[in-house]
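Taken in sequence, the protein lines are chains A and B.
Yeah, the first sequence ends on 139 if you go by the working numbering, and it's all consecutive.
Yeah, the second sequence ends on 139 if you go by the working numbering, and it's all consecutive.
Beta carbons: idealized from backbone N, C-alpha and C, even for Gly.
Comments concern the structure below.
2 protein chains.
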Amino acid sequence: MSINRWTQQRRLIWEAIKDRTDHPTAEELYQGLRRDGARVSLATVYRTLRALAREGLLRELHGPGPDRFDPNTSPHYHFRCRVCGRIFDVEIPYKDELDQVELGPGFIVTSHAIVWEGICPACREKGRDAA
Amino acid sequence: MSINRWTQQRRLIWEAIKDRTDHPTAEELYQGLRRDGARVSLATVYRTLRALAREGLLRELHGPGPDRFDPNTSPHYHFRCRVCGRIFDVEIPYKDELDQVELGPGFIVTSHAIVWEGICPACREKGRDAA
DNA sequence: ATAAATGCAAATGCTTTGCCCAAGT
DNA sequence: ACTTGGGCAAAGCATTTGCATTTAT
């Protein structure tokens, strides 16, 4: 399935995510849309997000818990709070040289990802350390 | 649940994973154990792997598909084949300086992970590119 | 008109949990 | 003896899918 038809719900879903920097889950997007009175189903949210990712308009992020989606497709890095699980964008510039590494005979490298882990400001303030 | 009692099945599960470098899933471990005639349940494999990870004897790896487990707990990096999904260890030494980065006010960094993506030798040979 | 997309609900994959029995210290 | 851990089957969550209906082109 590619994006052949720019339907009502695809437009809504895209509008809902395109400027977000908080890497929402499908469920979060769905809840937001419904709160705004949009008539979409969760299945369509999933189908659309996956399709957009396949088209290169979105990036899928995997980790503990549900998948998250990132509308920022330019190469960049992430930070994951080990307390709340939220993902933040990292300002450190993408290191192109890391895509040039030799990992061994026959290995083809197309990209790399760096994810820092730690505690975000909000969780640090709440003092709830994850022991 | 911590590892208080070193039971039969915990010993078996630990033996089954401790020297592996192929980052097996719980299911894969379970199948291997059963093939060898071990009397363990999949639930116990999951419970044990999670417990071992909590104790710091194992690392949990998240990605598309089921979780994978890595008995190598010294800091190191990974490569993920985008065709077969397998994870390989990367020989490039851990960059301690990346744990010293300043991500912003209030952010506490405890570690980082780098995952390279591309095509592994086996899949490259089969010529099955993931387009 | 035709092919593609949606909604719904059922199905699926992975993982966790409750409960009662077995086993470790 | 006193717990902790295991098995089993059920429950749980995240996600996908089949199918009849709607909608974009």
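For Gly112 of chain B, the closest Cβ of chain A is nearer than 9 Å. Boundaries of the beta strand (DSSP E) around Tyr85 of chain A: 85-89. Between the stretch 65-78 of chain B and the stretch 23-32 of chain B there are three or more inter-stretch CB-CB distances shorter than 8 Å, so the stretches are counted as touching. By DSSP's assignment, Glu68 of chain A forms a beta bridge with A:Phe77.
The stretch 88-104 of chain B and the stretch 116-130 of chain B touch, with no fewer than 3 CB-CB distances between them shorter than 8 Å. Taking a C-beta distance under 9 Å as the contact criterion, Phe87 of chain A and Phe96 of chain B do not qualify as a contact pair. By the C-beta density criterion, Thr56 of chain A is buried, having at least 16 other C-beta atoms within 10 angstroms.
The shortest CA-to-CA distance from Tyr102 of chain A to any of A:Pro113, A:Leu111, A:Thr81, A:Glu110 is the one to A:Thr81. C-alpha of Ile11 of chain B to C-alpha of Ala51 of chain B: approximately 16 Å in a straight line. CA-CA distance, Leu41 of chain A to Gly73 of chain A, rounds to 21 Å.
The three-state secondary structure of Thr52 of chain A, taken from DSSP, is helix. Within chain B, not a single residue places a beta-carbon under 9 Å from that of Arg76 of chain A; the smallest gap is close to 11 Å. Inter-residue distance for Lys26 of chain B and Ile100 of chain A is about 36 Å (C-alpha atoms, whole angstroms).
Check the Cα spacing between His120 of chain A and each of A:Tyr54, A:Asp104, A:Leu66: the tightest is with A:Asp104. Nearest CB-CB separation between Ser119 of chain A and chain B: below the 9 Å threshold. If you draw a straight line from the Cα of Leu37 of chain A to the Cα of Leu69 of chain A, it is about 15 Å long. Taking a C-beta distance under 9 Å as the contact criterion, Trp22 of chain B and Val117 of chain A do not qualify as a contact pair.
Cβ contact annotation for Val98 of chain A (same chain, cutoff 8 Å, sequence separation greater than five): His84, Tyr85, His86, Phe87, Ile122, Trp124, in chain order. Cβ neighbours of Glu63 of chain A within its own chain (closer than 8 Å, five residues either side excluded): Ser10, Ile11.
Note on Arg47 of chain A: under 16 other CB atoms within 10 angstroms of its CB, so exposed under the neighbour-count rule. If the five residues before and after Val109 of chain B are omitted, its C-beta is found closer than 7 Å to the C-beta atoms of Val117, all from its own chain and listed in chain order. DSSP lists B:Phe87 as the bridge partner or partners of Phe96 of chain B. Per DSSP, Gly112 of chain A lies in no alpha helix (DSSP H) segment and is marked neither H nor E. With at least 16 other beta carbons inside 10 angstroms of its own, Arg67 of chain A counts as buried.
For Cys128 of chain B, the C-beta contacts it makes with chain A under 7 Å involve Phe115, in order along the chain. Below the 7 Å Cβ cutoff, chain B contributes His70 as neighbours of Gly71 of chain A, in chain order.
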